[in-house]
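Here's the structure we're looking at; comments come further down.
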C-alpha cells in the first residue's frame with residue numbers, strides 16, 4: 001500500500017491532554033444544549049433503585065443494565081470489551097475502554113475483531129481498584145481526547161468515568177477538557193439521561209456538516225462549501241470529495257490537525273490531500289498565505305501545491321474556526337526511501353529547495369523533519385509552470401541534462417510554522433521537531449564557540465562535479481570564490497550576540513539530521529543483524545529532566561557528530577552501509593561549528609552552510625555514482641538498538657502508516673512529547689511550539705487485571721481502530 005501525504009497517526013499511548021478543568025453542572029448542561037432540570041429526573045433513578053447516597057454502580061454489569069434500559073428506544077448500542085474478547089490475539093495498548101457507545105447504522109467494523117474509534121459516539125471507563133483516582137480520571141480524559149482525534153466530524157466529544165457511587169462527565173473540544181464530578185445520583189442520573197439523548201440525535205449542532213461520515217464505513221465525505229483559490233475556482237463554488245480516508249490526526253487541544261486522503265481508484269492525478277485544523281479568529285492563517293506567496297507566479301517546484309482553501313464557519317468552536325486546505329501532491333515520507341542513492345539525491349534536492357525558497361520567496365520552513373519531506377511517486381508527472389532563472393536546479397538534471405531542471409523527487413509540506421521574511425510581524429516562537437531541530441534553535445541561542453574553533457573550508461570539486469556546477473550555478477561559483485582554507489575563531493574576536501533568530505543554516509542542519517536518522521536506522525535487505533550502538537542512539541534521542549518540559553534540556557547530538565568525525569567509527573551505521581560514513585564525516589565537520597561566530601564575509605552569508613553541504617554531496621555522488629552500495633535496498637524493518645530486548649522495532653514498512661519508533665532509552669523515556677514520548681517520534685506529536693501544554697499520562701495506565709482484553713489501534717490501517725482480543 002502506498003503511504004500517504006503524512007505518515008503518522010496520533011499515538012494511542014499519548015494524546016498530550018492539557019490539565020482537566022472542573023466546571024459546574026449548569027455549565028455542562030449548557031455545553032450539550034440542554035436546560036438544567038428544575039427537579040431531577042426520576043426515570044433512571046427509579047430503574048436503578050435506591051436513593052441518594054446508595055451505591056448504584058457497584059459492578060460494571062450494573063452500569064451496563066442502566067445503559068441498556070435507557071437505550072431501548074434509541075439508535076444507540078453498547079459495545080462492551082468482553083463481548084468479543086475471545087477473538088484474536090493482539091498486543092497491549094492503553095486505549096481499551098470498558099464500554100463504547102455507537103450508532104446502529106455505523107457498524108464498528110466489517111471484521112469481527114475490530115472496532116473503529118471513528119464509529120464510536122462515546123468511550124466509557126469503569127472504576128479500577130488498581131488505579132488511583134487521579135489515574136482513572138486521566139485515563140478517561142485520554143479516551144475522550146483520542147475520540148476527538150478519531151472523529152474529525154465532531155466539534156466536541158463526550159466521555160465518562162463510572163465509579164461505584166459517582167459519575168465523572170467529560171466534555172472535550174479544541175479549547176481543552178472539562179469535567180463535572182457528581183456523587184449525588186439525583187443529579188447525575190438526569191444528566192446521564194440527557195447525555196444519551198444528546199448522543200442519540202440532539203448533537204447535530206456538534207457535527208461539522210461539511211465533514212460527513214459515510215454510513216457503513218470509516219470514510220468521510222469532505223466539502224468545501226465556499227472554495228476559493230487562485231487556480232481557477234471562483235469563490236462560492238462548492239466542491240466535495242467523497243469517501244476520504246482519515247489518515248492522520250493529532251493535537252486535539254491546540255489545532256486539531258487532521259489529514260484526509262481522497263484517492264479515486266481510476267485516476268492517480270486526481271488524488272487530493274485535505275488538511276483541516278483550527279485557528280483562532282482574526283489570526284493570520286500563515287500556511288495559506290505562505291503557500292499562496294510561494295506559488296504566486298505559477299507552481300513552484302518541490303513545494304506542495306494548493307487547490308482549494310476554505311474557512312468552515314459551520315464548525316466554529318468558541319474563539320476558534322476550522323480552516324481547510326486541499327493539496328494537490330501526494331507521496332511517501334523521507335523514511336520510505338529504499339536506497340542510499342535515493343536518500344542522497346533527496347537530501348541534495350531538499351537543500352536546494354530550502355535554499356531557493358529563502359532566496360526567491362523569502363520563506364523559511366523552520367520545521368524540516370522526515371515527515372515533512374515527501375517523496376514523489378516517480379510515475380507522477382510534476383507540472384511546473386513559469387519559474388524564474390534563479391529557481392532551483394535539482395540533482396537529477398545535474399547528472400543528466402535530459403532531465404528537466406525543475407523536477408525534483410521530493411516536495412515539502414507543512415508550512416504552518418514557516419516564516420515570511422517580508423512580513424513585519426515578529427516571529428519569536430521556537431518551533432521544530434526534537435532530534436531534527438537544529439541544536440542552536442533547541443538551545444535558543446548560538447552554540448558555544450570553544451577556543452580554537454575551526455570553520456571548515458569549501459571543499460574542492462572533482463573535475464566532473466565542477467563542470468556541472470559551473471554550467472548550472474555560475475553565480476554561486478562567483479559568489480563563493482573564496483573560503484577555501486580553514487578559518488580559526490579566537491575567543492577575544494567573537495562578535496556580540498544579537499537577538500536569536502531561526503536562520504537558513506538551521507534548516508540545513510535539520511535536513512542533515514533527517515539523513516542521519518535514515519542512515520543509522522537503515523539495514524540492508526540481505527544484511528546480517530547489526531544492532532545500533534546504544535551510546536550513539538542515546539545521544540541522538542532527546543532527553544528530558546522534567547516530564548512536563550516542552551523541550552529537551554539535554555542535547556547529546558554533538559557526540560553523534562564526533563562519532564562520524566573520528567576515524568574508525570564505521571560501526572555507527574550498519575556494516576552494509578559503512579561506505580556512507582565518509583559522506584557523513586564530511587557533513588559532520590561542516591555543520592559542527594555555529595557560523596554565527598564566523599567573522600568572515602563569505603561564511604557569514606545565509607546560504608553558506610547550504611553551499612558547503614551541496615558541494616560535499618555532489619562530489620560524493622560523482623565519485624560513487626557506480627558504486628554497488630548506492631543501490632543496495634534497505635529492509636522494511638529497521639535496526640534494533642543494542643541491548644534492547646523489548647519495544648525496539650522501528651518500522652519503516654511502506655504499508656504501515658504508523659511508522660513509529662518504540663525504542664526506549666534510559667534518559668529519553670522520562671519525557672514523552674515535545675509536538676505529534678520522543679522515544680516514539682511520531683510526527684503526530686513531535687513538532688512543538690514553546691507555549692504548548694502537554695501532560696505525561698503514560699506511566700499510570702498499566703492495569704494487570706485488564707490484560708485479558710485489549711482495545712488497540714491497528715498499525716496497518718488508514719483509520720484509528722480498536723481491536724479487541726485476548727492475549
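In UniProt numbering, the protein residues as written are 1 to 727. The beta-carbon is built from N, C-alpha and C at its ideal position, and this holds for glycine as well.
Item                                                                                                                                                                                      : Value
Kindly indicate the opening and closing residues of the alpha helix (DSSP H) around residue 608.                                                                                          : 608 to 624
Return the bridge partner residues of residue 317 from the DSSP annotation.                                                                                                               : 320
Could you name the residues of the same chain whose beta carbon sits closer than 6 Å to that of residue 223, not counting the 5 residues immediately before and after it, in chain order? : 210, 240
In chain order, what residues of the same chain have a beta carbon less than 7 Å from the beta carbon of residue 576, not counting five sequence neighbours either side?                  : 524, 527, 632
How is residue 245 classed by DSSP in three states: helix, strand or coil?                                                                                                                : strand
Below 8 Å on the Cβ atoms is my guess for residue 318 versus residue 175; work out the distance and round it to an integer in Å.                                                          : 5 Å
If you follow the beta strand (DSSP E) that residue 162 is in, where does it begin and where does it stop?                                                                                : 157 to 163
Kindly identify the DSSP beta-bridge partner or partners of residue 220.                                                                                                                  : 213, 244
In this structure, what does DSSP give as the bridge partners for residue 76?                                                                                                             : 103
For residue 738, name the three-state secondary structure that DSSP assigns.                                                                                                              : What the structure shows of the chain is the stretch from 1 to 727, and residue 738 is not part of that stretch, so it cannot be assessed.
Is residue 163 closer than 9 Å to residue 127 when the C-beta atoms are compared?                                                                                                         : yes
Among 361, 167, 169, 392, which has the Cα closest to the Cα of residue 302?                                                                                                              : 392
For residue 628, tell me which candidate among 341, 130, 636, 541 has the shortest Cα-Cα distance.                                                                                        : 341
Could you check which residue in 220, 313, 579 has the C-alpha nearest to that of residue 279?                                                                                            : 313
Taking 7 Å as the limit between beta carbons, can you name the residues of its chain near residue 200, skipping five residues before and five after?                                      : 74, 75, 76
Let me confirm a value: residue 119 is counted as buried when at least 16 other C-beta atoms fall within 10 Å, else exposed. Which label applies?                                         : buried
Should the region 245 to 253 be regarded as contacting the region 131 to 150, the criterion being three or more beta carbon pairs within less than 8 Å?                                   : yes
Would you mind reading off the limits of the beta strand (DSSP E) that contains residue 276?                                                                                              : 272 to 280
Looking only at DSSP bridge pairs, what is residue 354 linked to?                                                                                                                         : Residue 354 pairs with nothing; no bridge assigned.
Using 8 Å for Cβ pairs, my map puts residue 136 next to residue 125. What's the rounded Cβ distance?                                                                                      : 6 Å
In whole angstroms, what separates the C-alpha of residue 311 from that of residue 321?                                                                                                   : 7 Å
In terms of DSSP beta bridges, what is residue 306 paired with?                                                                                                                           : 327
Where does residue 554 sit, in a helix, a strand or coil, going by DSSP?                                                                                                                  : strand
If we call anything under 9 Å between Cβ atoms a contact, is residue 363 one with residue 419?                                                                                            : yes
Does residue 130 pass the burial test, meaning 16 or more other C-beta atoms within 10 Å, or should it be called exposed?                                                                 : exposed
Does the beta-carbon distance from residue 438 to residue 509 come in below 9 Å?                                                                                                          : yes
Which residues share a DSSP beta bridge with residue 172?                                                                                                                                 : 157, 177
Within the continuous alpha helix (DSSP H) that includes residue 473, where are the two ends?                                                                                             : Element bounds for residue 473: n/a, residue is neither H nor E.
Whose CA, out of 618, 96, 457, 306, lies closest to the CA of residue 480?                                                                                                                : 457
In this structure, does DSSP put residue 262 in helix, strand or coil?                                                                                                                    : strand
From the DSSP output, in three-state form, read off residue 540 for me.                                                                                                                   : helix
Which whole-angstrom value is the C-beta distance of residue 512 and residue 591, which I expect to be below 8 Å?                                                                         : 6 Å
Pick out whichever of 484, 400, 275, 296 has its Cα sitting closest to the Cα of residue 309.                                                                                             : 275
Among 397, 338, 354, whose alpha-carbon lies nearest the alpha-carbon of residue 377?                                                                                                     : 338
Taking all protein chains shown into account, do 16 or more other C-beta atoms lie within 10 angstroms of the C-beta of residue 738, making it buried, or fewer, making it exposed?       : For the chain, the structure presents residues 1 to 727; residue 738 sits outside this window and is missing.
Enumerate in chain order the residues of its own chain whose CB-to-CB distance from residue 242 is below 6 Å, with the five nearest sequence positions on each side excluded.             : 221
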